[in-house]
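J.:
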């Protein structure tokens, strides 16, 4: 299939061991629309990389699973990073957020790209829940990464347990995760770079991805009479998605299929995705004709700019708590209570069956043992 836009430079950076493995899988699957760069603190890992460009951080001995070492090595190598990113229009950063290099260096690479005005999308994996201490450190680094990228797609490794097939091997599970990383990058890059029936230009992609925060990614492929419906359902219900696309205000859809894909099928995909978002999102879609996919349709979805992104900055884990703020009270709203009003207010606090407690709540006694003696609830608690 012909590449359409040779003026736009797209690059993929694989950071650390997991990121390096991910881009090796992409290179093996013959993705030709982007340039691949491997960045690592481990010289041996870099030697095994199939990327055309390689950047060694530090002395080449690795980060020893210490994110601070990875961060420091990247900070010391900023000039190298800038050099390899020169001329880039859009950058994908892929890494495993759990090791030393991927976790520590990725936010620095994103920071450098941001300073160069590059549209940057990070597609990363989160560590397993059982990796306790690592997970706590990773949460902070992901927050740092989010602050320096336009869009962040984070796939929890725990979701690998939800992949159909109880006996899936560890190797296949991680290949599945790498496959999702590949789909996200290919789905976006193909819409810009491949010759299609309905193409998107770089400005379209930027309008969806720029300053959009957390994003969700899904992919589906099907054939048969209801292939559009089935492929869309797969994309919207991928086991590796952290949440649904509900609330997304920007959505990008890549529909790829053979010459038999009908207008009704394209319409079904778009309408189903819009309905799932539960709002009226800014939806941009493209269609790429692939003669080899006759009878088959594939759908990839990137949903961004969620309405709850403000809350996600606070509620970063399941243990977060919701904080309610008391209404503002103006001075003129607080009026002294008469004796009768004060007694009535106290009486209302207790039900009839708590009469014994009410007897102890008495301002007129001389006993200082009353724990609630002389206590008056502010008016806003009575609402």
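Numbering (our numbering), first residue to last: 6 to 388. Where is the CB? At the ideal position from N, CA and C, for every residue including glycine.
Look at the alpha carbon of residue 290 and the alpha carbon of residue 284, and state the distance between them as a whole number of angstroms.
T.: When rounded, the distance between both Cα atoms is 17 Å.
J.: With distances taken from CA atoms, which of 20, 221, 223 and 194 is nearest residue 209?
T.: Selected option, being the one with the closest Cα: 194.
J.: Classify residue 132 as buried or exposed, calling it buried when 16 or more other Cβ atoms lie within 10 Å of its own Cβ.
T.: With 16 or more other Cβ atoms within 10 Å, it is buried.
J.: Within the chosen definition, does the region 248 to 266 reach the region 293 to 313 through at least 3 CB pairs nearer than 8 Å?
T.: Flag = yes, the region 248 to 266 and the region 293 to 313 touch.
J.: Rounded to whole angstroms, what's the CA-CA distance from residue 177 to residue 185? Just pull it up for me.
T.: Using only the alpha carbons, I get a separation of about 12 Å.
J.: Going by DSSP in three states, residue 60 sits in which element: helix, strand or coil?
T.: In this structure, residue 60 counts as strand in the three-state DSSP scheme.
J.: Per DSSP, which one or two residues make a beta bridge with residue 20?
T.: For residue 20, which the question treats as bridged, DSSP gives the partners 44 and 100.
J.: How about residue 103 and residue 77: are their beta carbons less than 9 Å apart?
T.: Not in contact: residue 103 and residue 77 (Cβ atoms no closer than 9 Å).
J.: Is the beta carbon of residue 266 closer than 9 Å to that of residue 238?
T.: Not closer than 9 Å, so no.
J.: If you drop the 5 nearest sequence neighbours on each side, which residues of the same chain put their C-beta closer than 6 Å to that of residue 24?
T.: Within the same chain, residue 24 has close Cβ partners 99, 100 and 107.
J.: Name the residue from 114, 46 and 278 whose alpha carbon lies nearest to the alpha carbon of residue 65.
T.: Among 114, 46 and 278, the Cα nearest to that of residue 65 is on 46.
J.: Should residue 92 go down as buried or exposed, given a rule of 16 or more other Cβ atoms within 10 Å for buried?
T.: Label assigned to residue 92: exposed.
J.: Would you identify the three-state DSSP class for residue 70, choosing helix, strand or coil?
T.: Residue state, collapsed to three classes: coil.
J.: In the DSSP assignment, find the unbroken alpha helix (DSSP H) run with residue 209 in it and report its ends.
T.: That run of the alpha helix (DSSP H) goes 207 to 214.
J.: Secondary structure at residue 125, three-state DSSP: helix, strand or coil?
T.: It is a strand residue.
J.: Could you check which residue in 12, 48 and 115 has the C-alpha nearest to that of residue 18?
T.: Closest by alpha carbon: 115.
J.: Who does residue 160 pair with in a DSSP beta bridge?
T.: Bridge partners of residue 160: 130.
J.: My assumption, with CB atoms under 8 Å, is that residue 259 sits in contact with residue 293. Please give the rounded CB distance.
T.: Right, the Cβ-Cβ distance comes to about 7 Å (below 8 Å), so this counts as a contact.
J.: Can you tell me the Cβ-Cβ gap for residue 192 and residue 34, rounded? I've got them flagged as a contact below 8 Å.
T.: Incorrect: roughly 13 Å between the Cβ atoms, too far for contact.
J.: If you compare alpha carbons, which of 155, 97 and 196 is closest to residue 215?
T.: Nearest C-alpha to residue 215: 155.
J.: Let me know the secondary structure DSSP gives residue 165 once reduced to three states.
T.: The answer is helix: DSSP assigns residue 165 an H, G or I state.
J.: What's the gap between the Cα of residue 425 and the Cα of residue 270?
T.: The requested residue 425 does not occur in the structure, where the chain is confined to residues 6 to 388.
J.: What are the start and end residues of the alpha helix (DSSP H) that includes residue 181?
T.: Looking at the DSSP string, the run of the alpha helix (DSSP H) that includes residue 181 is 175 to 198.
J.: Identify every residue that forms a DSSP beta bridge with residue 89.
T.: In DSSP, residue 89 forms no bridge with anything.
J.: If contacts are defined as beta-carbon pairs under 8 Å, then residue 402 and residue 158 qualify, I think. What distance do you get, rounded to the angstrom?
T.: No information on residue 402 is available, as it lies outside the stretch 6 to 388 that the chain covers here.
J.: Tell me the rounded alpha-carbon separation between residue 94 and residue 40.
T.: Near 12 Å, if we compare the C-alpha coordinates of residue 40 and residue 94.
J.: Does the beta carbon of residue 266 fall short of 8 Å from some heavy atom of the ligand MN?
T.: What this structure holds is no ligand at all, so the ligand MN is not there to describe.
J.: Would you tell me roughly how many angstroms separate the C-alpha atoms of residue 48 and residue 120, rounded to the nearest one?
T.: Between residue 48 and residue 120, the C-alpha separation is close to 27 Å.
J.: Applying the 10 Å Cβ sphere with the 16-neighbour rule, what's the burial state of residue 146?
T.: Flag for residue 146 reads buried.
J.: Can you name the start and end residues of the beta strand (DSSP E) that residue 227 belongs to?
T.: 221 to 228 is the extent of the beta strand (DSSP E) around residue 227.
J.: Would DSSP call residue 307 helix, strand or coil?
T.: In the structure shown, residue 307 sits in a strand (DSSP, three-state: E or B).
J.: For residue 67, tell me which candidate among 86, 44, 56 and 57 has the shortest Cα-Cα distance.
T.: For the residues 86, 44, 56 and 57, the minimum Cα distance to residue 67 belongs to 44.
J.: With a threshold of 8 Å on Cβ separation, who are the neighbours of residue 275 within its own chain once the five nearest residues in sequence on each side are excluded?
T.: Same-chain partners within the cutoff: 258, 288 and 290.
J.: If you draw a straight line from the C-alpha of residue 26 to the C-alpha of residue 282, how long is it?
T.: Distance between the alpha carbons of residue 26 and residue 282: 33 Å.
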